[in-house]
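Working notes for the structure below.
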Amino acid sequence: MSTLTLSKGSNLSLTKTDPGMRQAMIGLGWDPRTTAGAAFDLDASALLVGASGKVRSNDDFIFYNQLASKDGSVVHQGDNLDGGGDGDDEQVLVDLSTVADDVDKIVIVVSIHDAIARGQNFGQVRDAYCRVVNQESGNEVVRFDLTEDAAAETTMIFAEIYRNNGEWKFRAVGQGYATGLAGIASDFGISLN
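Structure, rendered in structure tokens:
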């Protein structure tokens, strides 16, 4: 099975492309450009979003301090503090067969830790990508390489996995936020207090 590479705004049916997939591994990677400043620490998170377009509660914000959803359907594999090395920098596992019925989509977000204080943004990050792998077969099903310059953005929605007419689909989003994680929290109903 060959990997399908999507461009920004494109989507793909995971259900049709890999009909047997139940366990999806979302791999996220990036490389900081060489800078003379502070080290980069990018953080992946997943938001479980209902029909309202908001999380049902703060329990639906999966990140390095809350590694799993209450039902265990979404599990963050831990924080990578420097983005060094080859391959995925952070991974989120999603059991598509056990995601609660009232979750319409899982939004995959990457933010730069302390971006404002460190003077960092996504314009200083290169080779960022998001991919979905069938955890059971090991097949990479889809990949999205973020190529655009995001000079002002400190947080980005990389992708979404969403339900549509009984299917699970993947959407390549690539939407940046200059307002950081606070902007994402505001849009999706997360309380950061």
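Position 92, counted from 1, in the sequence shown is what this note's numbering calls 862; the numbers after and before it change by one each time, with no gaps.
The C-beta atom is built at its ideal place from N, Cα and C for all residues, glycine as well.
Note that the coordinates shown come from a computational prediction; the quantities given were computed from them, not determined experimentally.
Simplified DSSP state of residue i, which is helix, strand or coil
i      : result
ASP829 : helix
ALA821 : coil
THR775 : strand
PHE892 : helix
GLY853 : Reliability of the predicted coordinates at GLY853 is poor, the pLDDT of 49 falling under 50, and the value obtained from them is presented with this limitation in mind. Here GLY853 sits in coil by DSSP.
ALA885 : helix
Reference residue i, options the options, closest by Cα
i      : options                           : result
HIS846 : ASP871, SER822 and VAL880         : VAL880
ARG933 : SER867, MET795 and GLU923         : SER867
ASP874 : GLU930, LEU782 and ILE886         : GLU930
ASN781 : LYS939, ALA816, THR949 and GLY959 : LYS939
TYR834 : GLY823, LYS824 and ALA816         : ALA816
ASP964 : ARG826, ASN828, GLY823 and ASP859 : As shown, the chain starts at 771 and ends at 963. That puts residue 964 outside it, with no answer to give.
THR785 : VAL903, ASP841, GLY950 and ILE960 : VAL903
ILE848 : ASP813, PHE914, GLY820 and ASP872 : Looking at the sequence provided, one finds Gly at residue 848 rather than Ile. If we check each option's Cα against that of GLY848, ASP813 comes out closest.
ASP871 : GLY857, LEU962 and GLU937         : GLU937
LEU951 : ILE882, LEU916 and GLU910         : ILE882
VAL877 : ALA948, SER907, GLN905 and GLY944 : GLY944
ILE832 : GLN861, GLY823, SER822 and GLY857 : GLN861
ALA922 : TYR947, ASN828, GLY857 and ASP915 : TYR947
LEU916 : PHE928, GLN905 and GLU910         : PHE928
THR949 : LEU962, THR924 and ASN935         : THR924
Beta-carbon proximity of residue i to residue j, cut-off 7 Å
i      : j      : result
PHE892 : MET926 : yes
ASP865 : SER843 : yes
LEU863 : MET795 : yes
ARG901 : GLY790 : no
LEU818 : ALA942 : no
ASP801 : ASP897 : yes
ALA888 : ALA808 : The question names Ala, but residue 888 is Arg in the sequence shown. Closer than 7 Å, so yes.
VAL968 : LEU774 : Here the chain comprises residues numbered 771 to 963, so residue 968 is not present and cannot be evaluated.
ILE960 : VAL825 : yes
TYR899 : GLY779 : no
GLU906 : GLN793 : yes
Delimiting residues of the beta strand (DSSP E) encompassing residue i
i      : result
ARG933 : 925-934
ASP865 : 860-865
ALA921 : Counting along the chain, ALA921 falls outside any beta strand (DSSP E), and DSSP gives it neither H nor E.
Where the alpha helix (DSSP H) through residue i begins and ends
i      : result
ALA942 : Careful: ALA942 lies outside any alpha helix (DSSP H), inside the beta strand (DSSP E) at 937-947.
ILE954 : 950-958
LEU784 : 784-787
Opposing strand residues paired with residue i [DSSP bridges]
i      : result
SER815 : VAL879
PHE914 : LEU776 and CYS900
ALA838 : VAL845
ASN781 : ARG941
THR793 : Position check: residue 793 holds Gln in this sequence, whereas Thr was assumed. Answer is ASP865.
LEU978 : Since the first residue shown for the chain is 771 and the last is 963, residue 978 is missing from the structure and cannot be characterised.
Check: residue i C-beta below 6 Å from any heavy atom of the ligand ZN
i      : result
ALA922 : In the structure on display, the ligand ZN does not appear, and there are no ligands present to speak of.
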